[in-house]
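Protein chains in written order, with the numbering used here: chain A, 1 to 797; chain B, 798 to 1146.
Shown next as structure tokens:
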């Protein structure tokens, strides 16, 4: 909310300057967002055009002789209001012009020297007006500063009001809060009640809706008014807030909205019927509102209507048809209490953000209904003349004030500060709460009518500490207890974060960079990966971010493409983050992408990255978590992310632990620039995380005795899963067989389409002795026989 | 017999040997079974006892000297041969390596790690909750009823799918629903932080539709606002690594805390860069407050015996402040150059 210092001072008697007021505002929770400061404008001064003549080379320019009281200057000016004797605001060469953000340079304009500039309001950032240069009254002396001449010594505050503080959506409300902080004294409102309410209003009210959306409405009829332009003081006030003056009646309602926080509405009484209703809108009822837009209402919205039409959307905006113009002769003023909920709901569904809605949905001071009526009547009568009717109303104005039983000790318990009851009581009284003390520890607090947000003890504690000052709260740092440390050590989530850190370290030390991408993916990705369609974001920002991702692969391919376009040829990246299987199932996984495009560097690159390099990396990742990939069941992957012939899946029981492989060519069609692209997904949350920190891999204790190696070659069926062979061979003699390493795979026409030749090396070592030749031979024979029997494999010689 | 002559001849022949084979031949010629020096030693047997003694000593010395000269020469020849071989193996040291991106951990990961460590030292364990939340957990349970203006403080993403109340699921707009989930599942005392992804439909250089927050919740019999202030000041000192840190707590409003506060850190501008800690300018760091008893009651916590505080801060924001980063969108662009320039190597992680 915006207001000027001088306007604030109409409500607050204060000796504090703007900076002190600004600090206090922030300290009581009305955060100062900006405080305008025009002090730098004192370099611009009043100057007179002594004489001018047409520019010889440009029709629209004039050469002016300008006197700033100290000297005369030649100024080329293109404004159409140039005239002899005009007093304006002058900027000399070298000065910075805030509105155009340039430094004035001495120069020639179409061959004629210009030594400065006469300024428009826009060039001073005071308004958008660039119609001509500023014209001042003749009374100002040349050389007077612009700050004085333009009355820029009135600072403008802009403050943020939190949704609970509807009472501070008015300058009076802000002044009231400041007075409680000791920043001054709240002045009484200055107006006179209309002495004579001369006649009965010809228009009457009835409240027809029973949903409580309108509790009370009261009106007065003004006869024979003269709706002119507003007086200067009123126009200036509205302009100071950036509002456009329209006509007196409209300006008065806008003024009261800001000044007292009380929205009200004026109807042109000759454009509405004699009986007005508060009623729910009809289905598809239409109204052209004051913002010149057509709105279609539904049955949940409340309207003000006569027997023919909806005239206004209650608490939100008036109708165009019944609004006041300069021709309005008779006026019907409406002041009502609308339910914050229904105003909010209607306002949001129609997308209207009006000053009235903003205030109604934050709750209004019910005691301000009649005061607002009186204040508005006074201003209308004073500015527009005419005569005023008696009140006409409907509904019931319930101004019962809320009473809370308050315990002084509660403050000390919550805030950690012993604040004596007397001090607490004083603060509450300064805030105009009424206090009836019941005992040393307790009192009854009567909440003022404008504080709808204060409902219980904790709200009162907040009021006291807000004024007493957050700076005065003692600081203490609670230390950690043994129980807490135990909890941390045993927390599964803590363990999970440790696991994540381990993975990150492993990957970065293997040359892979970490990225973080959005949890979304595109329509296209969703289509290709056939994710759950109910994961569509209803109000997505763009088609590229329209679904919750069920895989990170697309995000990473997009990232790879971006990096490729930046000239990076070998892309290795990973992300640890969530994927979403349904609205109630998400899991954190590791997803890694390797895409190597560069085959030109024959010197540094020995082997191309391939599926087997990927397998090695997957195995390393799993080992970094103290598991051994060979412990798990490994099979071909059926995921549509991967190339069906170059991919694998790792399972523990039914749980998926990892998938990896070459990215499916159909997906890669979307990214034609990328080649040779592989991915690994590690579903680390499916690993038994509670044991994850324990060493869990195969026992590889050292033996000091000599070891022996023997190579075996077999011809297997092509479909034979070699992990099974490896596991089986290892199991043939667990004491002696240390290691089974596969190192050759050979397929050829000679072997036939359904066979493959595989060689592995078995390392044999005893912990007890150096093995003799005959022991070794026995074991070799054993391996040959068992493997060929078990897997129907041919021994190759 | 001229021992000196033999020595001179041998020395000369050794000197003239240019490879191992030549040298071996010299060795045989003098020290072999039929070598000159061996023959001389054999002829000793014909001499008298006195001559044997004196000549024998001279001959033994001669044999030792020649043997030593051969060994020295042998080593020389070997070194030269290796050197000559190495000259042939020479590679071009000046062939530059390929440009590679230095792999780094994302700055947000570093912040996650530090936040967990610092709060861990104060006794906070880590909790978590889903990104796709129910309307109830994200709003209503946190005392943000439908049509409340506070809902408009946050632009919410909705999911097509609806929850059991018939309301569309939301992408959590803050990490605060983890407060509710924890309060419902655990009995006080509770001391947790919950870092994670959060979402609001907003996108410019300071807003990203996805960002990160950490939530903190401490509930016991007497955790008060002084404890809240102390905890957060301590965190900021450690995180920003500034011991002399000027801070400000000012009243604010969040429906789920009461009293509520925002915490600002003082800063100055030095050489066009923000320097945190002291100065006349303020930077908003986080929101916090005493947990509103309404929230505790929503979670069936006995408010007569338990109270506490909660806080929430933007992890991207504090990361940007700490490292002087300006555009939040670059965090999530997947640009590897950006990561290489702004990320952390494992030694620093």
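Note that the Cβ used here is the ideal one computed from N, Cα and C, for glycine as well. No experiment lies behind these values; they were computed from the predicted model shown.
Requested in this report: Along the beta strand (DSSP E) that carries residue 73 of chain A, what are the first and last residues, could you check?
Outcome: Residues 72 to 77.
Query raised in the report: When you compare only the Cα positions, how much space is there between residue 780 of chain A and residue 710 of chain A?
Result: 8 Å
Query raised in the report: Going along chain A, which residues have a C-beta under 8 Å from residue 1110 of chain B?
Result: Simply none; closest approach about 17 Å.
Report task. Determine whether the Cβ of residue 520 of chain A lies closer than 9 Å to any Cβ atom of chain B. Result -> So, interface residue.
Query raised in the report: So, does the CB of residue 903 of chain B fall closer than 9 Å to a CB anywhere in chain A?
Result: yes
Report task. Could you confirm whether any beta carbon from chain B is found closer than 9 Å to the beta carbon of residue 484 of chain A? Result -> yes
Query raised in the report: Can you tell which of A:666, A:148, A:768, A:654 has the C-alpha that lies nearest to the C-alpha of residue 640 of chain A?
Result: A:666
Requested in this report: Closer than 7 Å by beta-carbon distance: list the chain B residues that pair up with residue 26 of chain A, in chain order.
Outcome: 1047
Query - Closest residue to residue 212 of chain A among A:278, A:227, A:188 (Cα-Cα distance) - result: Nearest of A:278, A:227, A:188 to residue 212 of chain A, Cα basis: A:278.
Requested in this report: Can you give me the Cβ contacts of residue 363 of chain A inside the same chain, cut-off strictly under 6 Å, excluding the 5 residues immediately before and after it?
Outcome: 166, 340, 452
Requested in this report: Give the interface partners of residue 539 of chain A over in chain B, defined as CB-CB distance under 7 Å, in chain order.
Outcome: 954, 955, 998
Query raised in the report: Name the DSSP bridge partner or partners of residue 303 of chain A?
Result: A:279, A:313
Query raised in the report: In angstroms, rounded to a whole number, what distance separates the CA positions of residue 501 of chain A and residue 1071 of chain B?
Result: 30 Å
Query raised in the report: In chain order, what residues of the same chain have a beta carbon less than 7 Å from the beta carbon of residue 33 of chain A, not counting five sequence neighbours either side?
Result: 158, 159, 160
Requested in this report: Using alpha carbons as the reference points, say which of B:800, B:1143, B:1042, B:1094 lies closest to residue 937 of chain B.
Outcome: B:1094
Requested in this report: Count the other C-beta atoms from every protein chain shown that fall within 10 angstroms of the C-beta of residue 844 of chain B, then say buried if there are 16 or more, exposed otherwise.
Outcome: exposed
Report task. Select from the segment 545 to 559 of chain A all residues with a C-beta closer than 9 Å to any C-beta belonging to chain B, and list them in chain order. Result -> Contact annotation: in the segment 545 to 559 of chain A, residues whose CB is within less than 9 Å of a CB in chain B are 545, 548, 555, 556, 558, 559.
Query raised in the report: Between which two residues does the beta strand (DSSP E) harbouring residue 214 of chain A extend?
Result: Where residue 214 of chain A is concerned, the enclosing beta strand (DSSP E) stretches over 214 to 223.
**Report entry** Proximity test, Cβ basis, 9 Å: residue 984 of chain B and chain A
**Finding:** Using a CB distance cut-off of 9 Å, residue 984 of chain B does not count as an interface residue toward chain A.
Report task. For chain B, find out if any of its Cβ atoms is closer than 9 Å to the Cβ of residue 693 of chain A; answer yes or no. Result -> Because residue 693 of chain A sits at a pLDDT of 48, beneath the cut-off of 50, its placement in the model cannot be relied upon, and the following sentence gives the value as read from the coordinates. No, residue 693 of chain A lies away from the interface with chain B (no Cβ there is under 9 Å from its Cβ).
Report task. Can you pull the chain B residues whose beta carbon is under 8 Å from the beta carbon of residue 407 of chain A, in chain order? Result -> Correct list: empty, because the minimum Cβ distance to chain B is about 12 Å.
Query raised in the report: Under 9 Å between C-beta atoms, does residue 1058 of chain B make it to chain A?
Result: yes
Report task. Pull up the distance between the alpha-carbon of residue 1102 of chain B and that of residue 1032 of chain B, whole angstroms please. Result -> Going by the C-alpha atoms only, they are around 27 Å apart.
Query raised in the report: Just checking my contact of residue 522 of chain A with residue 546 of chain A at CB under 8 Å: how many whole Å lie between their CB atoms?
Result: 7 Å
Query - Cβ separation of residue 904 of chain B and residue 1141 of chain B, assumed to be a contact under 8 Å, to the nearest whole Å - result: 7 Å
Query raised in the report: Is it the case that the Cβ atoms of residue 1061 of chain B and residue 1046 of chain B are separated by a distance below 9 Å?
Result: yes
Report task. Starting from the C-beta of residue 112 of chain A, find all residues in its chain whose C-beta is less than 7 Å away, skip the five residues before and the five after it, and write them out in chain order. Result -> Contacts found: 55, 63, 76.
Query raised in the report: From what residue to what residue does the beta strand (DSSP E) around residue 249 of chain A run?
Result: Segment 248 to 259 is the alpha helix (DSSP H) holding residue 249 of chain A; no beta strand (DSSP E) there.
Query raised in the report: Okay, do the segment 556 to 569 of chain A and the segment 472 to 492 of chain A touch, 3+ Cβ pairs below 8 Å being the bar?
Result: The count of Cβ pairs closer than 8 Å, one atom from the segment 556 to 569 of chain A and one from the segment 472 to 492 of chain A, stays below three, leaving the stretches out of contact.
Query - Three-state secondary structure (DSSP) of residue 588 of chain A - result: strand
**Report entry** Contacts that residue 411 of chain A makes with chain B (C-beta to C-beta distance below 9 Å)
**Finding:** Those do not exist, as residue 411 of chain A stays about 10 Å from chain B at its closest Cβ, beyond 9 Å.
Requested in this report: For residue 1016 of chain B, return the contacting residues in chain A, with the cut-off set at a CB-CB distance below 7 Å.
Outcome: Result: empty, since nearest Cβ-Cβ is about 12 Å, beyond 7 Å.
**Report entry** Inter-residue CB distance, residue 328 of chain A and residue 204 of chain A (contact presumed, cutoff 8 Å)
**Finding:** Actually they do not touch by this definition, with Cβ atoms about 20 Å apart.
Report task. Grab the span of the alpha helix (DSSP H) containing residue 821 of chain B for me, first residue to last. Result -> 817 to 828
Query raised in the report: Expressed to the nearest angstrom, what Euclidean distance is found between the alpha-carbon atoms of residue 856 of chain B and residue 882 of chain B?
Result: When rounded, the separation of the alpha-carbon atoms in residue 856 of chain B and residue 882 of chain B is 39 Å.
Report task. Grab me the residues of residue 1124 of chain B's own chain with a C-beta within less than 6 Å of its C-beta, minus the 5 sequence neighbours each way, in chain order. Result -> 1002
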